[in-house]
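S.K.: So the sequence shown is numbered by UniProt numbering: it starts at 1 and just counts up by one.
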Amino acid sequence: MNKNVFIQELRNKLKGLPKEEMDNALGYYIEYFEDAGIDDEQDVLKELESPSNIASQILSDYAFKDDEIKIKKSKKGISSIWFVILAILAAPLALPLALTLIILVFTMVLVVGTLVFTFVIITVTLFGSGIFVSFAGAAVMTQSFSTSIMFIGIGLICTGLGLLIGLLVARLAPRVFRGIANFARKSLTRFKKSNG
1 MNKNVFIQEL RNKLKGLPKE EMDNALGYYI EYFEDAGIDD EQDVLKELES
51 PSNIASQILS DYAFKDDEIK IKKSKKGISS IWFVILAILA APLALPLALT
101 LIILVFTMVL VVGTLVFTFV IITVTLFGSG IFVSFAGAAV MTQSFSTSIM
151 FIGIGLICTG LGLLIGLLVA RLAPRVFRGI ANFARKSLTR FKKSNG
C-alpha cells in the first residue's frame, strides 16, 4: 500500500460524510503524508491505523460532534444513527457482531418511530374529536343546557389531552432518538476496543 491507495481507500469509506467534512479529513491525512516526506511514506503507513479504522472513527466523531450542543430535532438524532451505522460498516469488525448491532439499532429506531407515529395519530384524533364534540355541544345548547355543557366539557378535555400528548411527543421523541444514537456509539466503541 502507498499513500495514494491509502487516501483512495479512506475516501471510499467516507462517502457518507458531507463534502466539506470529507475534504477536511482527507486534507489532514494528505498533509500528514506530505509533512513526513516521500522517504518516510512507508513509516507513516505503519504508524497509521488502517483506512477502515480511521474512517470508522471519523464517522463516529462526526455523528456525535454536536453532542454538546442540544439537538432540537429528531431528524438530527436519526442522521446521527445513520452515521453510526456507516461507522459500523466501515470498521473492520467481526461481521456477525456488526450485523447484530445494526439490526438492534434499526429495531430500536423502528419501534420508537412506530410509537411516535401512534402517539401523533392519537393526538390528532383526540384534538379533532374534542373540537367536534365541543361544537356538537354548542349546537344542542337550545335543546338541553346540561347536555350541552357536558359535551363541551368532554370536548375541551379531549382537546387538552390531545395537545398534552402532542407536546410530550414533540419533547421526548428527539431525546429518545439521541439516546439510541448514544447507545449505538457506545456499543461501537466497545466493539472496536474488543476487536482491535
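Glycine included, each C-beta is placed from N, C-alpha and C at the ideal position. This structure is a prediction, so every number in the text was calculated from the model and none was measured.
Measure the CB-CB distance between Pro51 and Glu9 and report whether it falls below 9 Å.
M.R.: Working through the sequence shown from its first residue, we reach residue 51 at position 51. Working through the sequence shown from its first residue, we reach residue 9 at position 9. Yes, they are a contact pair.
S.K.: What number of angstroms, rounded off, separates the C-alpha of Gly113 from the C-alpha of Gly179?
M.R.: Within the sequence shown, residue 113 is the residue found at index 113, counting from 1. Within the sequence shown, residue 179 is the residue found at index 179, counting from 1. Those two C-alpha atoms are separated by around 13 Å.
S.K.: Can you give me the C-alpha to C-alpha distance between Pro18 and Val140, rounded to a whole angstrom?
M.R.: Translated into positions along the sequence shown, residue 18 becomes position 18. Translated into positions along the sequence shown, residue 140 becomes position 140. Each residue's alpha carbon lies about 60 Å from the other.
S.K.: Please identify the residue among Asp23, Asp61, Phe33 whose C-alpha is closest to the C-alpha of Asn182.
M.R.: Residue numbering aside, residue 182 sits at position 182 when the sequence shown is read from its first letter. Closest option to Asn182, Cα to Cα, is Asp61.
S.K.: For Arg11 and Ala36, what's the separation of their Cα atoms in angstroms?
M.R.: Along the sequence shown, read from residue 1 onward, the residue named residue 11 stands at position 11. Along the sequence shown, read from residue 1 onward, the residue named residue 36 stands at position 36. Their Cα atoms are separated by approximately 20 Å.
S.K.: Looking at the unbroken alpha helix (DSSP H) that takes in Val5, where does it start and where does it end?
M.R.: Here residue 5 corresponds to residue number 5 of the sequence shown, with the count starting at 1. From DSSP, the alpha helix (DSSP H) with Val5 extends over 3-13.
S.K.: With burial defined as no fewer than 16 other Cβ atoms inside 10 Å of the residue's Cβ, what is the status of Ile13: buried or exposed?
M.R.: Locating residue 13 in the sequence shown gives position 13, counting from the first residue. Looking at the sequence provided, one finds Lys at residue 13 rather than Ile. So Lys13 ends up on the buried side.
S.K.: Using 10 angstroms around the beta-carbon of Asp56, count the other beta-carbons present and answer buried if the total reaches 16, otherwise exposed.
M.R.: Within the sequence shown, the letter at position 56 stands for residue 56. First, the residue type needs correcting, since residue 56 is Ser and not Asp in the sequence shown. Buried.
S.K.: List the endpoints of the continuous alpha helix (DSSP H) containing Glu34.
M.R.: Position 34 of the sequence shown, counted from the start, is the residue given in the question as residue 34. Unbroken alpha helix (DSSP H) run through Glu34: 19-36.
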